Structures are given as structure tokens and as C-alpha cells.
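J.: Mind having a look at this structure? Questions to follow.
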Amino acid sequence: MLQPFASHPNQSRGRRYAEPAATDRDEFQRDRDRIVHSTSFRRLVYKTQVFLNHEGDLFRTRLTHSLEVAQLARSMARTLGLNEDLVEAIALAHDLGHTPFGHAGQDALDESLKRHRPDSSGFEHNLQSLRVVDELEQRYPAYDGLNLSFEAREGVLKHCSARNAQRLLDAEPGGVAQRFIDRRQPSLEAQLCDLADQVAYNAHDIDDGVRAGLLLPEQLDEVPLVAQCRAAALRQHPRLAGRRLLFDTIRRMLSAQVADVVAATSALVAEHRPDSADAARRLPPLVRFSEPMAQHSAHLKRFLRTNLYRHAQVTDTTDRARQVIRDLFEAYCADPIQMPPEHAQRPRTQRGVADYIAGMTDRFALREHDRLTGRRLFA
Ligand code: MG
């Protein structure tokens, strides 16, 4: 049951290349299916979320992270009367542009591009996710990219600098970058995926951090939301301990945040009464946490930044990962024929190198680094 403010597939702003409608699926289901069948989607399984892919089999990867985001976003969409298929498509595609080695890889690629060409727009993973679905996937006879609907592409381009928005608009006047100039919101489905992303990583990074031994369960009590959920778990199950206590705590954290988003969003929707998806785009962001939960979430993020993302063991591996990306960039720019012909023959060498590196899985990047430099930065 879609609400009037949801994205309705028969009111889509369409695709860049017109195609006949599918008979068996609506337009957003078709978007989702194209994403699942893409090459970039399969690569997510070997890409870092926080822990490098080879550090352990049970840590989240970009793929399992994306599936968790899709699950959270779909269940909230269903309750709110938003379009589940569109949120699923956006959630599954939102990280397609991530480099190997997570944010460290992105930062290194950005620096490398700007060092070679100071006028370069640099590297930004949201923009790269759009490039993947618009250009870099090559599997259809008539066009490059996946030719997704406007609404799916709008959700994929989550953030964008004004400068990069202008570059996108030069190629696509009035397109998905227009809202960054007009300072408007994306669809409610896109807003929901953005929040589901945060809910997902805040929860699973705690789980992975404890699994890795970098976060101690006692330490988590510093975070009020975790402490409250842990206490609630123990009230109901006084003898709960270890992993099961952690899982029950995280499960309660997820439920509390999902319930909060649904309540806060429903209240805002009732207040503003948007009568269409476009009316919702013209309003302030409607999908959000309540103020107390926003503070909980900010606290949790700060805790993870200080204790996990900046943990010496994590930064040591990300420093080496950065070196891998820098070395690969230099090696391919100096000798483009080290890349497959479709990349080596691109007219803009540096962007071709960045696209090639960004598409790599962690382990492929390490193999290439060994081959090109003869050095091993990871055992
Ligand atoms: Mg994400």
C-alpha cells in the first residue's frame, strides 16, 4: 500500500535511454534486478567495510553491509507506505562506487588524482557509484551503464559538492544533480536509505569491533544507547552473557532506531502532508530520527570513530592500504598498458586509472600491487 508521497513506478521520470516497459515487473523492480546482476555488485563481496577482506571471514564486507541496509530500509519503507522496491534498489547500489580498502582507498585515490591534475574533480564514492550505474557497467547492447530510472539514480547520488554537481548538470541539464544546486531533498525512499545506512553500520561495526577484539564489551557501556539496550536484555534474560548478550543488545538497538525513525517520520509527514513524491522533495528532510535518538546516534558514531576507526590496529592496516592505492595509481599512469585494453585506451588516462582501481576488489588490488612493485605490504 503506497502512500501518495511515495515514489510510484508509473510516475517515474524515466530512464536516460527510453525503453519499452517490462511486462512482468515495474520500473523499480527492474532497477533492482539490473543492480543484482551487475558485475560491480558481485565485486562488493571482496571489498572492505571496516576490516580488510582477508582479516576474517565473518566481518562485514560491502556486500553484506549493503544487504543489511536493504533489509532495514525495506522494513521501514513497508511500515511508512514508501516504495520497498525502490529502497531496495538504492540500498543495493549505494556503495557500488566504493574503492577497495574502504574509506582509506577512497582518500588515497582522491589525493592521487588531485596530485596529478590540480583541476581534477577528485574521487568521491557517491559520484563513483553514479558513474558505475551510468557508464562503467557495460553489459547492454544499446547503451553504457545500467540505464536505471531517475529515482534510483537520484538515490545513488547521496552527496555531491556544488562543483561536481555543476559538472554533472553540464552533461545532464536538470538531471539528478539539480537538487544540490536548488538545495532540495531527494525522494523519501532516498532519504530512508541514507538513514538506514547509518543505522546499519553503527550496529554492525560494534559487532565486528568486538569480534576483532578491538572493542571490549564493558567499554560499550560508555554509549548510552548500548548501555540501555544491554540493561533491557539483562532485565528480560538475567543470565545472558557473551555473544548472545551482545547480539541481543544489537538487535534491541536496531529495533529502537527503526521504531524511532518510523515514529519521527510519521509525525513529520502528518504535519506537512505532502500529496506527492515531488511535494516531499520540496519540504525539509522528513525521514529522520527524533532529537533524542539523533543524539544517541551521534554519540555512537563518536565512540566508534575514537575507539574503532582510529584504533592503532585499524589505522596501521589502512595506512598500508593507502600505500597500495598510491603505488597502483603511479604504476598505471606511468605504464597504462599494464591495464586491460578497455582501460588503457581511454582518452583521459588518470580518470581511466581511477575507474580501474576503484573497481578492484581488495585481493585483486593486492595481487596487482605485488605484480607491479614486487613488494608485499600485507602478509
Ligand atoms: Mg554504506
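Residue numbers for the sequence shown follow my numbering, so the first one is 6 and each next one is one higher. Each residue gets a CB set at the ideal place from its N, CA and C atoms; glycine is no exception. Given the structure is predicted, the values throughout are model-derived calculations rather than measurements.
Whose C-alpha, out of T28, R122, P146, Q183, is nearest the C-alpha of T158?
T.: Checking the sequence shown, residue 158 turns out to be Arg, not Thr. It is Q183.
J.: Please list the terminal residues of the continuous alpha helix (DSSP H) segment that includes G364.
T.: Residues 354-364.
J.: Determine the burial state of T311: buried for a count of at least 16 other Cβ atoms within 10 Å of its Cβ, exposed for fewer.
T.: Classification for T311: exposed.
J.: Enumerate in chain order the residues of its own chain whose CB-to-CB distance from R35 is below 7 Å, with the five nearest sequence positions on each side excluded.
T.: Here the set comprises A27.
J.: Give the range of the alpha helix (DSSP H) segment to which S71 is assigned.
T.: That run of the alpha helix (DSSP H) goes 67-85.
J.: Taking its Cβ as the centre, do 16 or more other Cβ atoms sit within 10 Å of P14, making it buried, or is it exposed?
T.: So P14 ends up on the buried side.
J.: May I ask whether a heavy atom of ligand 1 can be found less than 8 Å away from the beta carbon of D202?
T.: D202: yes, Cβ under 8 Å from ligand 1.
J.: State the Cα-Cα distance for the pair L193 and V138, rounded to the nearest angstrom.
T.: Going by the C-alpha atoms only, they are around 21 Å apart.
J.: Quick one: measure Cβ to Cβ for I362 and I330, integer angstroms, because I've assumed they're closer than 8 Å.
T.: Confirmed, about 6 Å.
J.: How should M298 be labelled, buried or exposed, when 16 other C-beta atoms within 10 angstroms of its C-beta is the threshold for buried?
T.: M298 comes out buried.
J.: Who are S154's beta bridge partners in DSSP?
T.: Bridge partners of S154: R20.
J.: Please report the residue range of the alpha helix (DSSP H) in which I95 lies.
T.: Note, I95: alpha helix (DSSP H), 89-98.
J.: With three or more beta-carbon pairs closer than 8 Å as the criterion, would you say the region 96-108 touches the region 116-136?
T.: Counting Cβ pairs under 8 Å, three or more are found: they touch.
J.: Once you ignore the five residues that flank R83 on each side, which residues in its own chain have a CB closer than 7 Å to its CB?
T.: So the qualifying residues of the chain are E89.
J.: Which residues in the same chain as A268 place their Cβ atom closer than 8 Å to its Cβ, once the five residues preceding and following it in sequence are excluded?
T.: S295.
J.: Measure from the alpha carbon of V92 to the alpha carbon of each residue in A370, V292, Q318, then state which is nearest.
T.: Residue V292 is the option with its Cα nearest to V92.
J.: My understanding is that V266 touches M81, with C-beta atoms under 8 Å, so please give their C-beta distance in whole angstroms.
T.: Their Cβ separation, rounded to whole angstroms, is 6 Å, which keeps V266 and M81 in contact under 8 Å.
J.: For a test of the three-state rule: what should DSSP assign to T28, helix, strand or coil?
T.: The answer is coil: DSSP assigns T28 none of H, G, I, E or B.
J.: Would you mind working out which of L87, E129, G364 sits nearest D280, comparing C-alpha positions?
T.: With distances taken between Cα atoms, D280 lies closest to L87.
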